[in-house]
Amino acid sequence: MPSYVITGASRGIGFEFTRQLSADLKNVVFALVRNKSTSKQLYELKRKNIHILEADITDKKALINAAQAVSKITNGTLDFLINNAAWIDDQRQNLTLDAYEDQDLLEEDLIKSFTINVVGVVHTINAFLPLLRKGEVKKVITLSTGLADTEATLQLGLATSAPYSISKVALNMAVAKYATQYKKDGFVFLALSPGLVNTSGGPLPEEVNKAQIALFSQIKPDFEGAITPEESVKLQLEVINKWTVADTGAFVSQHGNKEWL
């Protein structure tokens, strides 16, 4: 029975990973959430192969407790770790690095992005490594973003979402460091961009959709807008399932290449 731990599983892409993977009753899925009381969607699935665990990825003790809870159910093993949890400030993501009126707020956003998106993921990986070592599959998937591709950033002239993008570049390097260390042990580490995904739960405002199409059609002329979490996760799982230790440490899109949209 393959086992999966998914962080940030209460909504969006994390929830969709949980929904699709738990549809196969042979899978055992551990959904890590910051707060069980706000995880209504997960409970509404009513699937016996889903175990909902409370753990903020910035809380080392909570992560260790979660790993212990998983271990009790799986007899000390884990096959897949999907690091989905991340932070981006929706209100300030359109600011450039020099557009903050308050430089202390800029510093706060940079540090918070790094703390959650890099340090939190590193702590998560470390907490579950003992279980992964004993697993059969040994795959650690960390969700990144095409915004961490410097070439795409320059091509698009995209100066916004800076703290988030900077933290994800650092995260990609963390993935490469783990991959280098654990390749000899048969681990597969992968930094995986989900594409441009509409996680709002409804259609995007027309002006937002038009702006995205105008921007991203520069690198993908046939771009028609953001994809759904369902479509994104389906594509990501195809990449995850086919990826091998030969290419551990890679940074790719939901298409398994550098096509970010």
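Just so we're aligned, residue 811 is where the sequence shown starts under my numbering, counting upward by one. Don't be surprised by glycine CBs; every beta carbon is placed ideally from N, CA and C.
Hey, out of Met983, Leu863, Leu942, whose CA is closest to Asn885's CA?
Looking up residue 885 in the sequence shown gives position 75. The shortest C-alpha separation from Asn885 is found at Leu942.
How would you write the range of the alpha helix (DSSP H) that Ser881 sits in, first residue to last?
Your numbering for residue 881 matches position 71 in the sequence shown. Here the alpha helix (DSSP H) through Ser881 covers 870–884.
Do you know how far the Cα of Gly930 is from the Cα of Leu981?
Taking the first residue of the sequence shown as position 1, residue 981 is located at position 171. Taking the first residue of the sequence shown as position 1, residue 930 is located at position 120. Between Leu981 and Gly930, the C-alpha separation is close to 10 Å.
I'd like to know whether the C-beta of Ala1056 is nearer than 9 Å to at least one C-beta of chain D.
No chain D appears in the structure shown, which is made up of a single protein chain.
Could you check whether Phe938 and Leu852 sit closer than 9 Å to each other, using their CB atoms as the reference points?
Locating residue 852 in the sequence shown gives position 42, where the first residue counts as 1. Locating residue 938 in the sequence shown gives position 128, where the first residue counts as 1. No, Cβ-Cβ distance for Leu852 and Phe938 is not below 9 Å.
Curious, which full-length alpha helix (DSSP H) runs of at least 4 residues does the region 979–1012 contain?
None, since the region 979–1012 contains no complete alpha helix (DSSP H) of that length.
Could you please give the first and the last residue of the uninterrupted alpha helix (DSSP H) stretch that includes Asn1019?
Position 209 of the sequence shown, counted from the start, is the residue given in the question as residue 1019. Here the alpha helix (DSSP H) through Asn1019 covers 1016–1026.
Sorted by chain position, which residues of the same chain lie with C-beta nearer than 8 Å to Trp1053's C-beta, five sequence neighbours on each side aside?
For the purposes of this step, residue 1053 is taken as residue 243 along the sequence shown, with counting starting at 1. Once the five neighbours on either side are set aside, the close Cβ partners of Trp1053 are Lys949, Val998, Leu1000, Ala1060, Gly1066.
Thinking C-beta only, is His861 closer than 9 Å to Phe827?
Here the question's residue 827 lines up with position 17 in the sequence shown. Here the question's residue 861 lines up with position 51 in the sequence shown. No; because the gap between Cβ atoms is not below 9 Å, this pair is not in contact.
In terms of residues, what are the limits of the beta strand (DSSP E) holding Leu831?
As a working mapping, residue 831 is identified with position 21 in the sequence shown. Looking at the DSSP string, Leu831 is not in any beta strand (DSSP E); the run it does join, the alpha helix (DSSP H), is 822–832.
To which residues does DSSP link Leu842 through a beta bridge?
Here residue 842 is taken as the residue at index 32 of the sequence shown, counted from 1. Note: Leu842 sits in a beta bridge opposite Thr817, Leu863.
Cβ atoms of Leu968 and Leu1071: under 9 Å apart, would you say?
Residue mapping note: residue 1071 aligns to position 261 of the sequence shown, counting from 1. Residue mapping note: residue 968 aligns to position 158 of the sequence shown, counting from 1. Contact flag unset, no.
Taking all protein chains shown into account, decide if Asn1008 is buried (16 or more other Cβ within 10 angstroms of its Cβ) or exposed.
For this step, residue 1008 is matched to residue 198 along the sequence shown. Asn1008 should be labelled buried.
With DSSP as the reference, please indicate the residues paired to Ala972 in a beta bridge.
Translated into positions along the sequence shown, residue 972 becomes position 162. In the DSSP output, where bridge partners are listed per residue, Ala972 has none listed.
Could you have a look at Ala1060 and say whether DSSP puts it in helix, strand or coil?
Taking the sequence shown and counting its residues from 1, the one referred to as residue 1060 is at position 250. If DSSP states are grouped into helix, strand and coil, Ala1060 belongs with the strands.
Assign Asn927 to one of three DSSP states: helix, strand, or coil.
Your numbering for residue 927 matches position 117 in the sequence shown. If DSSP states are grouped into helix, strand and coil, Asn927 belongs with the helices.
What residue range does the beta strand (DSSP E) around Lys944 cover?
As a working mapping, residue 944 is identified with position 134 in the sequence shown. Where Lys944 is concerned, there is no enclosing beta strand (DSSP E), given that its DSSP letter is neither H nor E.
Need the endpoints of the beta strand (DSSP E) that Thr952 sits in, please.
Along the sequence shown, read from residue 1 onward, the residue named residue 952 stands at position 142. Taken as a continuous stretch (DSSP letters only), the beta strand (DSSP E) holding Thr952 covers 949–953.
Got a sec? Which residues, its chain only, sit under 8 Å from Val838 by beta carbon, not counting five neighbours each side?
Within the sequence shown, the letter at position 28 stands for residue 838. Excluding sequence neighbours, Val838 sits near Met811, Pro812, Ser813, Tyr814, Asn859, His861, Ile883, Thr884.
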